[in-house]
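Scroll down for the structure; my scribbles are underneath it.
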Ligand code: ARG
């Protein structure tokens with residue numbers, strides 16, 4: 039009988055490196071690693087060689103940055119999906135894509151199972167596994183971190199050393215970090231104390247706003263149907279645009295978030311994020327929508343944004359409801375074309391200018407000068423009828439009180 043084949047979602051870090059060896063021993067299996075490059079700076083170098091040294095029979099590395107941004111981040115952006123009001127979900131939107139990658143490699147390799155390095159108390163196990171189950175219902179999923187005997191990082195290190203698994207001998211990083219082009223999530227260490235402010239070393243890419251340049255930086259972002267397409271008038275592809283915005287934002291201390299959030303499994307967790315490009319783009323996109331969407335669509339879409347954010351966070355990217363709500367979102371983006379000029383300064387974002395051929399802002403209606411064309415007299419009848427139900431309630435209640443006293 040041929041050996042069991044397992045495809046591992048491999049980052050090159052300690053957990054997934056130990057996993058490769060542990061799985062091959064425990065299941066007497068052939069391990070194939072698959073690494074999705076979503077713009078993470080750390081660990082991606084030499085990942086193939088590392089996988090081979092760790093005992094993988096084959097390893098794949100896919101540059102998924104373009105797909106990640108255009109098929110995942112742009113959807114979250116168009117939807118205005120910010121979890122619990124602010125988290126742009128860099129990690130949460132990356133997982134369904136990595137789940138799809140795992141399924142595709144498993145199919146190509148005719149593998150029996152896929153495996154990931156998520157812990158048993160986080161959101162990512164849910165996102166990976168619900169994604170894989172949905173895309174390939176019969177594929178087995180193995181989550182070693184929920185199964186194995188290691189109780190600490192030190193124990194994993196000992197195992198790695200004993201099995202000649204190459205690990206970085208750098209001093210222990212107290213944080214658990216997940217990174218891609220859309221943003222970075224940082225947890226653990228002192229961050230587990232919500233009473234303690236994050237130490238400066240928790241932040242990986244952004245300048246401390248207090249130390250950011252004393253001169254502000256102005257940028258203009260162009261959108262077409264809700265998608266960012268240019269920076270300062272120069273058309274750019276997704277990867278270039280986001281990479282550039284990440285640098286500019288980080289340099290000006292923009293995009294830091296320190297949050298308490300509700301995890302899918304019911305735990306509250308404290309996490310620090312740096313998402314300069316995502317925060318800038320959400321700000322600009324929302325500004326453009328304020329200019330272009332009619333009042334009812336704008337108000338209704340805010341509820342949808344919240345629902346879409348919850349679906350993404352909860353691992354339901356490949357669900358029918360997500361697809362249906364995105365159809366609504368796409369229809370709202372038909373006219374979201376125009377330019378937003380922003381000023382970045384010491385961690386803040388200010389809107390300097392908005393313009394669009396689809397702008398519903400009508401100066402003649404808005405002005406208080408003699409150019410005014412708004413029909414003021416029409417407000418008289420409008421308000422009488424508009425307020426009628428409330429006037430009626432007060433009248434009725436007054437009358438009813440008198441009746442009760444008598
Ligand atoms: N809490 C975030 C989420 O659920 C990020 C988790 C990322 N993982 C990490 N190791 N920091 O989307």
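Numbering (the numbering used here), first residue to last: 39 to 444.
Virtual Cβ for every residue (Gly too), placed ideally from N, Cα, C.
In this text, all values refer to a predicted model and were calculated from it rather than measured experimentally.
Does the beta carbon of residue 299 fall short of 7 angstroms from some heavy atom of the ligand ARG?
Correct: residue 299 has its Cβ closer than 7 angstroms to the ligand ARG.
Helix, strand or coil for residue 415 per DSSP?
It is coil, neither helix nor strand.
On a CA-only basis, which of 68, 50, 380 is nearest residue 270? Give me that one, please.
Nearest C-alpha to residue 270: 380.
Could you pull out every residue in the same chain whose Cβ sits closer than 8 angstroms to the Cβ of residue 174, ignoring the five residues on either side in sequence?
Excluding residues within five positions, the ones whose Cβ falls inside 8 angstroms are 141, 144, 145.
For residue 324, tell me which candidate among 201, 301, 392 has the shortest Cα-Cα distance.
When only C-alpha atoms are compared, the closest one is 392.
I need the boundaries of the alpha helix (DSSP H) containing residue 329, first residue and last residue.
Per DSSP, residue 329 belongs to the alpha helix (DSSP H) from 314-330.
Please confirm if the stretch 336-354 is in contact with the stretch 220-232, defined as three or more CB-CB distances below 8 angstroms between the two stretches.
The answer is no - the stretch 220-232 does not touch the stretch 336-354, with fewer than three Cβ pairs under 8 angstroms.
Tell me whether residue 300 sits in a helix, a strand or coil according to DSSP, three-state version.
Strand, per DSSP.
With 16 as the cutoff for other CB atoms within 10 Å, does residue 412 come out buried or exposed?
With fewer than 16 Cβ atoms within 10 Å of its Cβ, residue 412 is classed as exposed.
Opposite residue 62 in the DSSP bridges: which residues?
Answer is none; residue 62 lacks a bridge partner.
What does DSSP give as the partner residue(s) for residue 218 in the beta ladder?
Answer is 221.
What is the C-beta distance between residue 219 and residue 280, in whole angstroms, given that I count them as a contact (C-beta under 8 angstroms)?
That belief holds up - the Cβ atoms of residue 219 and residue 280 are roughly 5 angstroms apart, short of 8 angstroms.
Helix, strand or coil for residue 42? Go by DSSP, reduced to three states.
Three-state result, residue 42: strand.
Straight-line CA distance for residue 121 to residue 160?
Each residue's alpha carbon lies about 16 angstroms from the other.
Taking the alpha helix (DSSP H) that residue 233 belongs to, which residues open and close that run?
Element bounds for residue 233: n/a, residue is neither H nor E.
Please give the ranges of any alpha helix (DSSP H) in the stretch 235-305, keeping only runs that are unbroken, at least 4 residues long and fully inside the region.
Here the runs fully enclosed are 276-289.
Decide if residue 330 is buried, meaning its Cβ has at least 16 other Cβ atoms within 10 Å, or exposed.
Buried is the call here.
Can you tell me whether residue 378 is helix, strand or coil according to DSSP?
Looking at residue 378 - three-state DSSP - the assignment turns out to be strand.
Could you tell me whether the stretch 179-194 touches the stretch 359-375, using the rule of 3 or more Cβ pairs below 8 angstroms?
The stretch 179-194 is not in contact with the stretch 359-375.
What number of angstroms, rounded off, separates the C-alpha of residue 62 from the C-alpha of residue 51?
Near 17 angstroms, if we compare the C-alpha coordinates of residue 51 and residue 62.
For residue 130, write down the residues that DSSP places opposite it in a beta bridge.
Residue 130 pairs with nothing; no bridge assigned.
Just curious, the beta strand (DSSP E) that residue 101 is in, first and last residue?
Looking at the DSSP string, the run of the beta strand (DSSP E) that includes residue 101 is 96-101.
Which value, in whole angstroms, describes the spacing of the CA atoms of residue 382 and residue 316?
One C-alpha to the other measures close to 14 angstroms.
So the candidates are 124, 179, 56; which of them puts its Cα closest to the Cα of residue 42?
Out of 124, 179, 56, 179 has the C-alpha closest to the C-alpha of residue 42.
Would you say the beta carbon of residue 216 comes nearer than 7 angstroms to a heavy atom of the ligand NAP?
Of the ligands this structure carries, namely the ligand ARG, none is the ligand NAP.
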